[in-house]
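Colleague:
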Amino acid sequence: MLLSTIVRSCPIVNHSRHPFFHLNRSLRSSKPLSSLSSTHHHHHPMVSLLVATTSDPASINPANALLAMPGWQPGPHFQDDMKSFVNEGLRVLLHGKSIVVEDYLDTRWEEVTGEVVDEVIFLSKHTAASNKPALTVHPIGVPHLREGDVPPQGGKPGWAALPNPRIGPWIRLLKNIAQAHNLVPEFEITLEATHHGPMTNKPTMFLEIGSTEDYWKRQDAAQVMAQLVWEGLGLGGGTDVGNWSRENDKKKVLLGIGGGHYVPRHMNVVL
Numbered sequence: 003m004l005l006s007t008i009v010r011s012c013p014i015v016n017h018s019r020h021p022f023f024h025l026n027r028s029l030r031s032s033k034p035l036s037s038l039s040s041t042h043h044h045h046h047p048m049v050s051l052l053v054a055t056t057s058d059p060a061s062i063n064p065a066n067a068l069l070a071m072p073g074w075q076p077g078p079h080f081q082d083d084m085k086s087f088v089n090e091g092l093r094v095l096l097h098g099k100s101i102v103v104e105d106y107l108d109t110r111w112e113e114v115t116g117e118v119v120d121e122v123i124f125l126s127k128h129t130a131a132s133n134k135p136a137l138t139v140h141p142i143g144v145p146h147l148r149e150g151d152v153p154p155q156g157g158k159p160g161w162a163a164l165p166n167p168r169i170g171p172w173i174r175l176l177k178n179i180a181q182a183h184n185l186v187p188e189f190e191i192t193l194e195a196t197h198h199g200p201m202t203n204k205p206t207m208f209l210e211i212g213s214t215e216d217y218w219k220r221q222d223a224a225q226v227m228a229q230l231v232w233e234g235l236g237l238g239g240g241t242d243v244g245n246w247s248r249e250n251d252k253k254k255v256l257l258g259i260g261g262g263h264y265v266p267r268h269m270n271v272v273l
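In this note's numbering, the protein residues as written are 3 to 273.
See below:
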């Protein structure tokens, strides 16, 4: 089973007999006990955690483009082999490992800093057999794997992260920004389903540049992804996009189930 998330003003049944309800409960039940102690710091501001790795040009280049924008300060000391930066409600965390191996960075951030993480966003490269240039947004997890399977790219068999409700609005925003930077139609803007880790407790999404090293290193693509984060989180005095907690009296969240690695039918609903 593969999951994708889309946000749109559409009615959806929301009661305990609905299959989405049980799926959501099963997603939420993946919290380890260690995280429960960190969920009651409601007097602290909620922050967004953006994770990038120096080992991947499609991750560090957008992060550096974002960090070149105004308003950044050095962040708290998290651990010796990681750097952090702060801008309004955003925390950027840089490490040097594969993007899919550092599990529960959200919970670890909460335990170190006392801040409450509202969502997690990862910057990463995208690979595809087609080698076509692409900018993708997707939730994470490996719910299609069974117990005993070895996940090839992180996560735990049967597990999926809570999908970030911004995914749908950010796909639309990404398309607009990419068009403004003349990256469309060269780059395809696409939604993917769950297919890798790492493990998280909070709503999560990946922002990816694909699909070969030439494209991973493209500075114009990095700039588009940085602009997506900047505008999407409302930095520099803007209004953030897809903040479900603020808009949930007006917006419904749809959980898409099925499809293959790419989910064109779900993408059509998003757009």
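In this text, a Cβ means the ideal position worked out from N, Cα and C, and glycines have one as well.
Please report the residue range of the beta strand (DSSP E) in which serine 50 lies.
Modeller: That run of the beta strand (DSSP E) goes 48 to 55.
Colleague: Report the option in Gln155, Thr115 and Ala223 whose CA atom is closest to the CA atom of proline 47.
Modeller: Selected option, being the one with the closest Cα: Thr115.
Colleague: In the structure shown, what three-state DSSP assignment does lysine 254 receive?
Modeller: In the structure shown, lysine 254 sits in a strand (DSSP, three-state: E or B).
Colleague: Can you grab the Cα-Cα spacing for the pair serine 132 / histidine 198, in whole Å?
Modeller: About 19 Å.
Colleague: Could you tell me which residues DSSP puts in a beta bridge with proline 128?
Modeller: Going by the sequence as given, residue 128 is histidine instead of proline. Answer by DSSP bridge pairing, in chain order: Gly212.
Colleague: Exposed or buried, proline 13, counting other C-beta atoms within 10 Å across all chains shown (16 or more means buried)?
Modeller: The pLDDT assigned to proline 13 is 30, lower than 50, so where the model puts this residue is not dependable; a value taken from the coordinates is nonetheless given after this. By the 10 Å Cβ count, proline 13 comes out exposed.
Colleague: Note down the Cα distance separating leucine 29 from leucine 69, rounded to an integer number of angstroms.
Modeller: At leucine 29, the pLDDT of 42 sits below 50, so the modelled position is not reliable; the number obtained from the coordinates is stated separately. Each residue's Cα considered, the two are about 33 Å apart.
Colleague: In whole angstroms, what separates the C-alpha of valine 226 from that of proline 59?
Modeller: If you take the alpha carbons of valine 226 and proline 59, they lie about 14 Å apart.
Colleague: Alpha carbon to alpha carbon, what distance is there between glutamate 117 and isoleucine 191?
Modeller: Distance between the alpha carbons of isoleucine 191 and glutamate 117 is about 33 Å.
Colleague: In the structure shown, what three-state DSSP assignment does glutamate 190 receive?
Modeller: Strand.
Colleague: Pick helix, strand or coil for valine 265, following the three-state DSSP scheme.
Modeller: Coil.
Colleague: Aspartate 151: buried (16+ other C-beta within 10 angstroms of its C-beta) or exposed?
Modeller: It counts as exposed.
Colleague: Aspartate 222: which of Ala54, Val271, Gly236 and Ala65 sits nearest, CA to CA?
Modeller: The residue with the shortest Cα to Cα distance from aspartate 222 is Ala65.
Colleague: Does the separation of the CB atoms of alanine 130 and serine 213 fall below 7 Å?
Modeller: For alanine 130 and serine 213, yes; Cβs fall inside 7 Å.
Colleague: Give me the Cα-Cα distance between valine 144 and glycine 157, rounded to the nearest whole angstrom.
Modeller: Their Cα atoms are separated by approximately 6 Å.
Colleague: Counting only the same chain and skipping the five closest in sequence on each side, list residues whose C-beta sits under 8 Å from that of glutamate 215.
Modeller: Pro59.
Colleague: What residue from Leu209, Lys134, Trp218 and Leu230 has the CA that sits closest to glutamine 181's CA?
Modeller: Out of Leu209, Lys134, Trp218 and Leu230, Leu230 has the C-alpha closest to the C-alpha of glutamine 181.
Colleague: List the DSSP bridge partners of leucine 96.
Modeller: BP columns for leucine 96 point to Ala54 and Lys85.
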